[in-house]
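Everything below concerns the one structure shown next.
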Amino acid sequence: SDLSQANLNEVDLYRANLQQAYLKEAHRILEKEGKLILSTHGYWMFHPDPTDFWRWTSTGLQKIVREAGFEVVYFEGILGRSAMGLQLFQDGLLFKLPKPLRFLLSLILQPLIIFFDKIITSKSRNEDACTFVLVAKKV
Numbered sequence: 011s012d013l014s015q016a017n018l019n020e021v022d023l024y025r026a027n028l029q030q031a032y033l034k035e036a037h038r039i040l041e042k043e044g045k046l047i048l049s050t051h052g053y054w055m056f057h058p059d060p061t062d063f064w065r066w067t068s069t070g071l072q073k074i075v076r077e078a079g080f081e082v083v084y085f086e087g088i089l090g091r092s093a094m095g096l097q098l099f100q101d102g103l104l105f106k107l108p109k110p111l112r113f114l115l116s117l118i119l120q121p122l123i124i125f126f127d128k129i130i131t132s133k134s135r136n137e138d139a140c141t142f143v144l145v146a147k148k149v
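Here it is as structure tokens:
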């Protein structure tokens, strides 16, 4: 099959040892105006499976993509800082609790996570988030 017309999706950019090499290869094989779709962590707990090398800032992720020859056409932060803090708190406790209590903890914290994520502006979330989604076009 001809991958030069395909959209590339790399969910695990934080696991890649050589991000620039990956991005340059994506740029090489995509046709003009081909799309690159990335999602990667801003904040998250360490979780090697098998590796976990990086975390990204909103500006750092966009910079590395532009330097590889892409134009960022869409960028969004998912789950803002205060909501992410609660998510990390929940995840830090969850597996230390007996199984029957895990559901109860989630039942209490998930509505708070949703609430705190809804009260911040999209500008704030796009600057500082748990996860970033980026769509870039080869130029």
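For the sequence shown, the working numbering gives the first residue as 11, with consecutive numbering after it.
Where a beta carbon is used, it is the ideal one built from N, C-alpha and C, also for glycine.
Since this is a predicted model, take the numbers as computed values, not measurements.
Check: Pick helix, strand or coil for K106, following the three-state DSSP scheme.; Outcome: coil
Check: V21: buried (16+ other C-beta within 10 angstroms of its C-beta) or exposed?; Outcome: Reliability of the predicted coordinates at V21 is poor, the pLDDT of 48 falling under 50, and the value obtained from them is presented with this limitation in mind. Counting Cβ neighbours within 10 Å, V21 comes out exposed, since fewer than 16 surround it.
Check: So, C140 versus W66, is the Cβ gap smaller than 8 Å?; Outcome: no
Check: Decide if T61 is buried, meaning its Cβ has at least 16 other Cβ atoms within 10 Å, or exposed.; Outcome: exposed
Check: Counting Cβ pairs closer than 8 Å, one from the region 122 to 131 and one from the region 67 to 77, do we hit at least three?; Outcome: no
Check: What does the alpha-carbon distance come out to for the pair S132 and L103?; Outcome: 28 Å
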